[in-house]
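K.L.:
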Amino acid sequence: MSTLSERVLDAFGVDDPWERPRPAVGRQDVVWAGAIGLLGVVSLELVRSGGDLEHTTAPVWSQWLVVLSGAGLLVGRRRWPLVVAILAAAHMFVSGVAMPEVMGQLPSQIVYFVAILSGVSWARDRRAMMIVVGAILLFMFAWLSWQFAVGSAVQEWYDELSKSTDEGIFPPIPAAIALTMLINAVYFGGAVVGGVVSWRSARARDHLAGQAATIARQAERLREQAVVDERLRIARELHDVVAHHVSAMGIQAGAARRVLDRDPEAARTALANVEEASRDAVTQMRRLLGTLREGEQAGGDARTTEAGVGDLPRLVAEASGEGLAVTLDVVEADRDAAARLPRALGLAVYRTVQEALTNVRRHSTADTVSVVLRVDESHSRPYAEVEVVDNGRPRHGTSGSGLGQLGIRERAATHDGQVDIGPRVTGGYRVRVRYPLGAAS
């Protein structure tokens, strides 16, 4: 269990490794000091007009100088907090001895309060701060104690001469000085406590900002890693697609060589198939390499996948159950159009549906999901479109990282697809990706 002294040192931040950034003197410091100085001069003249400075014999210009010089100290309160606190304490003592009525004005009291508070709040060396502020408080209360002792002696002399009786419990002069000491205890104590609160709040904000920056960096690294993983997966799929086409080209070329002399027509057909397969491979390679060119890294899982649109019924069946009903509809303008989709495109459709259903399971209150695959080769712009729509709302406390949707967009980009992901006006959530069917079809 920590002792009282340890708790106090911890409260003041002594031996804390964090140092509050110390800003340069800025416009706000000058404006703040100027406003306090102007307020002090106006307040001083208002008090003078009311006849409350009749016991102050110092010239008016010197009174103005006291007020303005005190306010001027606030310009450096954040840059040199301990120096300003020491100068403010000296200013308070000198002006209190020479012009107590001027020193006691509200603007001057604001200056001293802010100076002490800033010393506690902005000091970077917390141990030096405790020494300086402690010395200032000790000096101030020693000064007040001296005044109290003098006041008691005066009161005794006054009682012996006048033989007057007091109406209150305490003699008037000691009572006035004791009240002054109590007010100053609250005054200086408030400045110190306010400074500690300000310093600890600044430390907490800085730590939170550091944690937020760390989280942002980690999220960015996760995002980049997800992109890299997706690209590597696409690269493995590209390997499978190209290997398939190259194998087919080799078979067709071998067949053409064997029948070239005895069946030229069959040889031409085989060579035409080679040409078509090569164009198909080159088209898909061009689409994929644009994505893979940046950030490609070696390594990863060497396992490839054979999934495609033919596996969608199995995927939908696996996703159904436990309160979630998933339906699949395949809309084809021509018979078996979905089965004729290029292998890489079929895998992209499968992965899109897979990720969308996973997100519904994890992050939605939906109980029904509709999966629709549309393939239209007769359209002026042939396309294959997959749409996953649910009827739920985002489940509280299950917000994802967005990496799944990033993978959908990344995969769609490799096929020049258009992505529409977001909540629907009528309720629910929709994931829709449309892939153009070009030469690869």
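Residue numbers for the sequence shown follow the working numbering, so the first one is -18 and each next one is one higher.
Idealized CB from N, CA, C, for every residue including glycine.
Quick caveat: nothing in here was measured; it's all calculated off a predicted structure.
What separation, rounded to the nearest whole angstrom, lies between the Cα atoms of L87 and V178?
P.N.:
For the purposes of this step, residue 87 is taken as residue 106 along the sequence shown, with counting starting at 1. For the purposes of this step, residue 178 is taken as residue 197 along the sequence shown, with counting starting at 1. Between L87 and V178, the C-alpha separation is close to 23 angstroms.
K.L.:
May I ask you to verify whether the segment 42 to 53 touches the segment -12 to -2, counting CB pairs closer than 8 angstroms and requiring at least 3?
P.N.:
no
K.L.:
Using CA atoms only, rank isn't needed, just tell me which of V78, Q233, H36 and V22 is closest to W42.
P.N.:
The residue you call residue 42 lines up with position 61 of the sequence shown. With distances taken between Cα atoms, W42 lies closest to V22.
K.L.:
Can you check DSSP and say which residues form a bridge with L354?
P.N.:
Here residue 354 refers to the residue found at position 373 when the sequence shown is read from its first residue. Bridge partners of L354: V311 and V367.
K.L.:
Exposed or buried, what is Q399 when buried is set at 16 or more other beta-carbons lying within 10 Å of its beta-carbon?
P.N.:
Against the sequence shown, residue 399 aligns to sequence position 418. The residue in question, Q399, is exposed, as its Cβ has fewer than 16 Cβ neighbours within 10 Å.
K.L.:
For G115, count neighbouring Cβ atoms within 10 angstroms of its own Cβ and tell me buried if that reaches 16, exposed if not.
P.N.:
Residue mapping note: residue 115 aligns to position 134 of the sequence shown, counting from 1. Exposed is the call here.
K.L.:
Which two residues bound the contiguous alpha helix (DSSP H) that contains G15?
P.N.:
Here residue 15 corresponds to residue number 34 of the sequence shown, with the count starting at 1. R8 to S30 is the span of the alpha helix (DSSP H), which, as asked, contains G15.
K.L.:
With DSSP as the reference, identify every bridge partner of A306, one or two as the case may be.
P.N.:
As a working mapping, residue 306 is identified with position 325 in the sequence shown. According to DSSP, A306 bridges with T349.
K.L.:
Using CA coordinates, which residue listed in T333, A314 and G388 is at the minimum distance from H360?
P.N.:
Walking along the sequence shown from the start, residue 360 turns up at place 379. Ranking T333, A314 and G388 by Cα distance to H360 puts A314 first.
K.L.:
Tell me the rounded alpha-carbon separation between A279 and R184.
P.N.:
Counted from its first residue, the sequence shown places residue 279 at position 298. Counted from its first residue, the sequence shown places residue 184 at position 203. Reliability of the predicted coordinates at A279 is poor, the pLDDT of 40 falling under 50, and no value is obtained from them.
K.L.:
Give me, in chain order, the residues of the same chain whose beta-carbon lies closer than 8 angstroms to that of M(-18); leave out the 5 immediate sequence neighbours on both sides.
P.N.:
The sequence position of residue -18 within the sequence shown is 1, counting from 1. Residue confidence is low: M(-18) scores 47 on pLDDT, short of 50, so the model does not pin down where it sits. No coordinate-derived value is stated.
K.L.:
Please identify the residue among P375, A193 and V414 whose C-alpha is closest to the C-alpha of V353.
P.N.:
By 1-based counting over the sequence shown, the position of residue 353 is 372. Looking at the Cα atoms, V414 is the closest of the given residues.
K.L.:
Identify every run of the alpha helix (DSSP H) within the segment 39 to 98, keeping only runs that are complete inside it and at least 4 residues long; order them along the chain.
P.N.:
41 to 53, 62 to 79 and 81 to 84
K.L.:
Thinking just about the alpha-carbon of each residue, which of P40, L213, E201 and Y93 is nearest to the one in Y168?
P.N.:
Here residue 168 refers to the residue found at position 187 of the sequence shown. When each option's Cα is compared against that of Y168, the closest is Y93.
K.L.:
With a cut-off of 8 angstroms on the beta carbons, I'd call R107 and D(-3) a contact; round off their distance for me.
P.N.:
Numbered from its first residue, the sequence shown carries residue 107 at position 126. Numbered from its first residue, the sequence shown carries residue -3 at position 16. Indeed they touch by this definition, with Cβ atoms about 6 angstroms apart.
K.L.:
Please state the DSSP three-state secondary structure of P375.
P.N.:
Here residue 375 refers to the residue found at position 394 of the sequence shown. P375: strand per DSSP, three-state reduction.
K.L.:
Could you please give me the residues that DSSP links to G171 through a beta bridge?
P.N.:
Residue numbering aside, residue 171 sits at position 190 when the sequence shown is read from its first letter. In the DSSP output, where bridge partners are listed per residue, G171 has none listed.
K.L.:
Of all the options G291, V48 and V101, which has the alpha carbon lying nearest to the alpha carbon of V174?
P.N.:
Residue numbering aside, residue 174 sits at position 193 when the sequence shown is read from its first letter. Of the candidates G291, V48 and V101, the one whose C-alpha sits nearest the C-alpha of V174 is V101.
K.L.:
Would you mind sorting A283 into buried or exposed? The rule is 16 or more other CB atoms within 10 Å of its CB.
P.N.:
If you number the sequence shown from 1, residue 283 lands on position 302. Annotation note: pLDDT 36 at A283 (below 50); position unreliable, coordinate value reported separately. Answer is exposed; the Cβ neighbour count stays below 16.
K.L.:
Pick from E256, A156 and Q386: whose alpha carbon is nearest that of V369?
P.N.:
The sequence position of residue 369 within the sequence shown is 388, counting from 1. Comparing Cα-Cα distances from V369 to each of E256, A156 and Q386, the minimum goes to Q386.
K.L.:
Cα separation between L119 and W127?
P.N.:
Mapped onto the sequence shown, residue 119 falls at position 138. Mapped onto the sequence shown, residue 127 falls at position 146. Distance between the alpha carbons of L119 and W127: 12 angstroms.
K.L.:
What does the Cβ neighbour count give for A(-8), buried or exposed, with the cut at 16 atoms within 10 Å?
P.N.:
For the purposes of this step, residue -8 is taken as residue 11 along the sequence shown, with counting starting at 1. Here A(-8) is exposed. Its C-beta has fewer than 16 other C-beta atoms within 10 Å.
K.L.:
Could you tell me which residues DSSP pairs with P404 in its beta bridges?
P.N.:
Here residue 404 is taken as the residue at index 423 of the sequence shown, counted from 1. Looking at the DSSP output, P404 shares a beta bridge with Y410.
K.L.:
Roughly how many whole angstroms lie between the Cα atoms of R217 and V227?
P.N.:
For the purposes of this step, residue 217 is identified with residue 236 of the sequence shown, where counting begins at 1. For the purposes of this step, residue 227 is identified with residue 246 of the sequence shown, where counting begins at 1. Taking the straight line from one Cα to the other gives about 15 angstroms.
K.L.:
Could you tell me which of S301, P323 and E303 sits nearest to R260, measuring between CA atoms?
P.N.:
Locating residue 260 in the sequence shown gives position 279, where the first residue counts as 1. Measuring from the Cα of R260, the nearest candidate turns out to be P323.
K.L.:
In whole angstroms, give me the CA-to-CA distance for V75 and W124.
P.N.:
Taking the first residue of the sequence shown as 1, we reach residue 75 at position 94. Taking the first residue of the sequence shown as 1, we reach residue 124 at position 143. Going by the C-alpha atoms only, they are around 12 angstroms apart.
K.L.:
Alpha carbon to alpha carbon, how far is R249 from V330?
P.N.:
Here residue 249 refers to the residue found at position 268 of the sequence shown. Here residue 330 refers to the residue found at position 349 of the sequence shown. When rounded, the distance between both Cα atoms is 35 angstroms.
K.L.:
Let me know if W(-1) comes out buried or exposed under the rule of 16 or more other beta-carbons within 10 Å of its beta-carbon.
P.N.:
For the purposes of this step, residue -1 is identified with residue 18 of the sequence shown, where counting begins at 1. That one is exposed.
K.L.:
Name the one or two DSSP bridge partners that Y331 has.
P.N.:
As a working note, residue 331 is residue 350 in the sequence shown. Answer is none; Y331 lacks a bridge partner.
K.L.:
Within the same chain, show all residues whose beta-carbon is closer than 6 angstroms to that of E256, passing over the 5 residues directly before and after it, in chain order.
P.N.:
Numbered from its first residue, the sequence shown carries residue 256 at position 275. Counting only Cβ-Cβ distances below 6 angstroms, and skipping sequence neighbours, we find nothing.
K.L.:
P417 bridges to which residues according to DSSP?
P.N.:
To locate residue 417, count along the sequence shown from 1; it is residue 436. Paired residue(s): Y364.
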